[in-house]
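The sequence shown begins at 3 in my numbering and counts up one residue at a time.
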Amino acid sequence: MTAHGNAASDFKDRLVFDLERGELRDGPVRYLLIRQDTLAGLFQRLPMPAQRAALQAFAQAVEERGGQSIDRYQEFTPPDRLVALVAKTASQLGWGSWRFDRSVPGQLALEVENSPFRELAGDLREPACAPISGMLRALAARILGGPVTLDEVICAGAGGACCRFRAQLASAEASEGKHNPQSATVQSSADRGA
Ligand SMILES: [Zn+2]
């Protein structure tokens, strides 16, 4: 099997449990399993405004590293199948059940059921799924062809039935002439806490 063929398989099939070295690896990328409630506990222990700042940093780190993963996926995935591949990989990572909607030109919308990040904001009851926001920002910039604004419009951690995100080309939003100052959800959350 070629490296290319291996890369084209599902994430769950590529993931190698190297018990000798004590690591999980997808090709060059090391992964880490951690209890969901441990991760939530970390964020919930942070005082304000550090909690919002940490969520923002989490989103930015996922945007950067997740974007590198997307670039790798693009080497073996046709553009019209990239969104479906990201949804499938998210499910295999345990990041909830993702459904994308591209029906509105210049937008990439995402609905996530069962987000593992919904409790990161704890009692704040604010949109909490910063890692998903980061991944969607990285994907949407590549799909839509430019920088995007990003909202987690509804979050299960803030009383929603599920989490809904909307990424929109920054240029498209500007041309609509109704820029929403809340658009960069993670950014604006951090700013409010600063
Ligand atoms: Zn959420």
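Idealized CB from N, CA, C, for every residue including glycine.
Is it the case that the CB of residue 120 approaches a heavy atom of ligand 1 more closely than 8 Å?
-> Because some heavy atom of ligand 1 lies under 8 Å away, the Cβ of residue 120 counts as near it: yes.
Cβ separation of residue 112 and residue 102, assumed to be a contact under 8 Å, to the nearest whole Å: 5 Å
Proximal residues to residue 182 (C-beta, below 6 Å), its chain only, five neighbours per side dropped: Below a pLDDT of 50, predicted positions are generally treated as unreliable, and residue 182, at 46, falls in that range; the measurement from the model is reported next regardless. Hits under 6 Å: none found.
_alpha helix (DSSP H) runs wholly inside the segment 109-166, at least 4 long, in chain order_ = 132-146
Between 94, 85, 37 and 34, which lies nearest to residue 143 when the distance is taken from Cα to Cα?
-> 85
| Can you pull every residue whose C-beta falls closer than 6 Å to some heavy atom of ligand 1, listed in chain order? | Listed by chain position, these are 117, 120, 129, 130, 131, 154, 157, 158, 159 and 165.
Residue 20 lies in the beta strand (DSSP E); which residues open and close that run? 18-20
task: Check each candidate in 166, 147, 115 and 160 and name the one with the smallest Cα separation from residue 135.
output: Considering only alpha carbons, the answer is 166.
#### Entry: Inter-residue Cα distance where the pair is residue 187 and residue 24
Reliability fails at residue 187, whose pLDDT of 41 lies under 50, so the model's placement of it is uncertain and the value that follows must be treated cautiously. Approximately 37 Å, taken between the alpha carbons.
Quick one: what does DSSP say residue 78 is sitting in, helix, strand or coil? The answer is coil: DSSP assigns residue 78 none of H, G, I, E or B.
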